[in-house]
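Mapping of the sequence shown onto the working numbering: residues 2 to 738, in sequence order.
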Amino acid sequence: MWFLESSCLSTLFDMMIYHRIAVNVPLSDGLLTYSHSEPLPQGARVLVPFRNKTVVGIVWETDIAPDMDAARILGVQTTFSDEPPLPESWRDLLSFTSHYYHYPTGQAVFAALPQGLKETRAVEMPQPPLFYALNEAGRAQTPPPARFNKKAALWDALLSGGMTMAALKQVNAQVAKLIEDWAEQGWIETTEAAKPVLRSSEFQLNANQQQASDEIQTAFGSFQPFLLYGITGSGKTEVYFDAMAKVLAQGRQVLFLLPEINLTPQLLKRVEDRFADVPTAVLHSQMAAGKRTQDYLRAMLGQAKLVIGTRLAVFTPLPDVGLIVVDEEHDGSFKQDNELRYHARDLAVWRAKQSGCPVVLGSATPSLESWHKAQSGAYRLLQLTERAHAAAQLPQVDILNVGRLKLDNGFSPQALQLLKQNFEAGGMSLVYLNRRGFAPALFCGDCGHTFGCPNCSAKMVLHQRARQLRCHHCDHREPIPFKCPDCGNQDLTAVGHGTQRVEETLRAFLPKAAVVRVDRDSTAHKNDWADLYRRIADNEIDILVGTQMLAKGHDFARLNLVIVLNADGSLYSADFRASERLFAELMQVSGRAGRADKPGKVLIQTQLPEHPVFAAVKAQDYAVFAENELNERQMFAMPPFGFQTAVRADAPRVADAMEFLNAAKETLAPLLPESVSQFGAAPMLMVRLAERERAQIFLESTSRQDLHRAVSLWVQVLQQNRDGKIRWSVDVDAQEM
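Take a look at the structure:
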């Protein structure tokens with residue numbers, strides 16, 4: 002009897018098909034073996050059991066030979082057969098990402114999916130949009146009289162070819178009723194597919210822009226990375242749009258990546274004006290989860306032709322991508338700083354190579370990595386050397402030494418005078434300070450006590466209006482204390498300046514001026530940016546006070562004066578990229594001035610006026626700055642001449658994290674390639690973060706291949722860690738020191 006049961010079970014196991022399935026678990030690769038009665042398509046979404054729970058999985062390999070006892074292999078519980086599988090190209094992208102960044106495949110896969118595809122229920126598939134046009138009977142009719150201008154405009158639009166209901170609403174808000182009436186009379190035809198009808202641009206490219214666009218177009222259908230280096234205000238976006246229009250007219254897809262959400266509303270308005278009839282998907286973290294999932298699926302099904310998004314959008318499946326654009330490619334926001342620590346710009350280049358299409362990286366201050374590749378011939382360099390607006394010139398930049406000046410809440414007398422004169426002349430000004438809040442610290446003058454975050458090695462920032470002290474790292478919040486906890490002194494002093502304090506100072510100095518603060522605190526709601534753009538367009542704002550959110554990508558025609566406060570902060574840093582970042586920041590914010598017919602002026606306040614960064618900004622010469630920086634980097638084999646990976650650990654005490662890393666280092670020392678250097682564990686610049694203390698070891702090599710071999714060995718050793726108090730991570734091409 003036992004023999005018969007065993008024989009039946011053996012036959013049953015032989016009939017099963019075994020699959021490797023990606024699940025969101027922190028295992029070495031996150032690929033687990035499950036069985037099913039029939040082969041499942043690769044990329045299919047399924048439900049599987051894992052540790053007494055039902056979880057979502059993605060089929061990664063089908064019909065494999067199991068490497069364990071078949072009796073122990075659990076079966077797939079549910080298959081979502083009505084959902085199309087994720088495509089092979091997407092799976093290849095995630096496999097590469099997992100391998101390159103040394104991160105479990107299963108967790109990488111789920112980091113790239115929208116929320117709707119991570120949930121254990123079926124997802125509603127988006128329906129293809131309907132395109133409306135006049136049929137033969139309709140075209141034979143007499144058009145509406147010209148005096149009914151909106152009705153006539155709708156008729157003309159329907160004559161021009163298939164258009165979506167959304168696009169037709171831009172022509173006539175009453176389109177639904179009119180379409181219904183005309184359809185009843187047999188004049189309308191609907192289809193589920195149509196080439197986008199692109200509106201012709203009223204913007205005429207200048208010679209530089211046209212040459213850049215033409216060069217990009219010569220690479221259509223083949224992989225070619227371009228670095229589009231254009232001075233601020235040179236019209237890089239119009240070059241993108243011209244090349245994009247050609248790709249979209251062919252019915253192919255375009256992926257457009259932006260560094261930050263706050264750049265999306267202004268760009269979307271320009272996209273709407275230029276590509277109103279193109280099915281567009283928008284993907285960023287502030288979108289509702291349902292809408293984001295639907296747009297992701299529309300892109301995957303080829304329904305959305307233009308995909309605009311922040312860094313996570315680089316993982317969007319695109320069956321027919323013909324062009325990838327990465328705007329402000331230098332921006333640090335493209336690097337994910339936790340969990341899967343990928344760089345979206347670098348993955349965009351990989352995707353372009355995978356798809357056989359050009360990729361355009363654009364910036365007024367390219368990253369030194371991209372500039373070096375352009376100089377070495379790996380990227381093709383395109384340059385825009387003049388501002389797009391015929392009357393616009395680069396701004397005049399003055400560097401003011403404030404080391405011995407008496408400042409009024411951060412303002413020199415010269416800065417206040419310039420702001421007053423510009424307001425009286427009808428200009429718009431930007432005061433730039435990359436520090437939000439009222440003051441960076443609260444201080445007791447009697448005993449010297451400062452109020453630090455209990456969870457982080459950082460000072461609590463004073464937010465006067467909210468009556469709070471806040472940590473800008475872990476978001477811990479406390480009411481403003483009435484007295485010093487050490488000595489009881491009630492006369493506490495706000496030290497330093499934040500955007501809130503600057504805003505109050507300007508309101509008092511220029512009470513008739515409309516002063517608006519723009520930082521993370523003031524733009525927390527969905528429509529804040531749209532409202533800001535409207536007010537600027539209506540000339541309702543005289544002075545903007547803002548952080549780096551205002552430093553890049555924005556184009557405000559009336560803005561002709563920029564004042565930069567406390568420009569030196571980032572130079573007091575051990576990070577070798579500090580000069581590069583400050584130069585980019587100052588060049589970008591300076592570039593906001595004088596983009597139309599009024600000449601622009603920039604005043605940068607500093608206590609280090611002799612620093613080479615300020616000379617380079619004053620000269621507005623990126624190429625000279627980049628050459629000097631690259632020469633220094635080359636001397637020390639620093640990126641882009643060498644490669645780095647940070648191995649980090651955090652624990653309740655930093656000593657435990659350092660001991661953990663140093664023990665692994667000693668184990669690995671005789672096994673690593675000779676070209677790889679590893680430095681003893683050291684505390685991170687911000688040691689304590691969110692109640693954990695952090696240390697790191699840097700691995701460096703001039704050979705990328707040897708470095709990855711070393712990192713793989715490190716990961717193998719670290720995976721043997723069984724100490725639940727210690728967490729570790731690997732950051733390939735680390736940007737944080």
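We put the CB at the ideal spot given by N, CA and C, even for glycine.
This structure is a prediction, so every number in the text was calculated from the model and none was measured.
Can you tell which of the options has its C-alpha closest to the C-alpha of residue i?
| i | options | result |
| --- | --- | --- |
| E39 | A23, N629, R73, Q78 | Q78 |
| G31 | P105, V49, A66, L566 | P105 |
| T63 | R73, G44, F51 | G44 |
| Q720 | P441, S29, E273 | S29 |
| A305 | M461, T238, V255 | V255 |
| H373 | D492, N632, Q549 | N632 |
| G601 | G404, P396, N456 | P396 |
| D447 | L419, Q491, R46 | Q491 |
| L118 | R46, V398, L533 | R46 |
| N339 | L313, C358, H331 | L313 |
| G357 | H473, H477, P226, L114 | P226 |
Quick one: what does DSSP say residue i is sitting in, helix, strand or coil?
| i | result |
| --- | --- |
| D182 | helix |
| Q589 | helix |
| F483 | coil |
| Q465 | coil |
| M69 | coil |
| V308 | strand |
| S161 | helix |
| L5 | Reliability of the predicted coordinates at L5 is poor, the pLDDT of 39 falling under 50, and no value is obtained from them. |
| S11 | Only weak support is given to the placement of S11: the predicted model assigns it a pLDDT of 49, under 50, and the question is left unresolved by the model. |
| G404 | coil |
| H100 | helix |
| F51 | strand |
| E329 | coil |
| I727 | coil |
| H344 | strand |
Are the CB atoms of residue j and residue i within a distance shorter than 8 Å?
| i | j | result |
| --- | --- | --- |
| P684 | V655 | yes |
| F510 | L417 | yes |
| N410 | T506 | yes |
| L385 | Q210 | yes |
| G333 | Q736 | yes |
| Y623 | T366 | yes |
| L369 | P641 | yes |
| A277 | Q212 | no |
| F335 | P260 | yes |
| F584 | F637 | no |
| L419 | Q606 | no |
| G163 | T192 | yes |
Distance check for residue j and residue i, CA to CA, integer angstroms please.
| i | j | result |
| --- | --- | --- |
| P486 | E479 | 14 Å |
| L669 | R710 | 12 Å |
| G449 | P441 | 15 Å |
| S8 | L48 | At S8, the pLDDT of 46 sits below 50, so the modelled position is not reliable; the number obtained from the coordinates is stated separately. Approximately 29 Å between the Cα atoms of the pair. |
| S214 | N207 | 11 Å |
| A575 | L604 | 27 Å |
| E190 | T500 | 56 Å |
| F257 | R535 | 24 Å |
| E675 | G107 | 32 Å |
| K741 | F452 | This structure does not reach residue 741, given that the chain is present from 2 up to 738, and the question cannot be answered. |
| K178 | A158 | 16 Å |
| R352 | R466 | 46 Å |
| V496 | I325 | 46 Å |
| V733 | A167 | 43 Å |
| Q205 | R728 | 55 Å |
| L298 | A174 | 28 Å |
| E216 | G323 | 15 Å |
| A652 | P455 | 16 Å |
| L470 | H464 | 6 Å |
| A109 | A289 | 22 Å |
| S82 | G252 | 28 Å |
Pull up the CB-CB distance for residue i and residue j, whole angstroms please, since I reckon it's below 8 Å.
| i | j | result |
| --- | --- | --- |
| L493 | C445 | 6 Å |
| D543 | V565 | Contact flag wrong, Cβ pair sits at about 18 Å. |
| T98 | L319 | Actually they do not touch by this definition, with Cβ atoms about 16 Å apart. |
| Q549 | E581 | With 8 Å as the limit, Q549 and E581 do not qualify as a contact, their Cβ atoms being about 15 Å apart. |
| Q267 | H555 | 6 Å |
| S713 | F644 | Not a contact, Cβ separation roughly 14 Å. |
| V748 | V361 | As displayed, the chain neither begins before 2 nor continues past 738, which places residue 748 out of reach and without an answer. |
| G363 | D328 | 5 Å |
Any chance the CB of residue i is under 7 Å from a heavy atom of the ligand ZN?
| i | result |
| --- | --- |
| E630 | In the structure shown, the ligand ZN is absent, as is every other ligand, since no ligand is present at all. |
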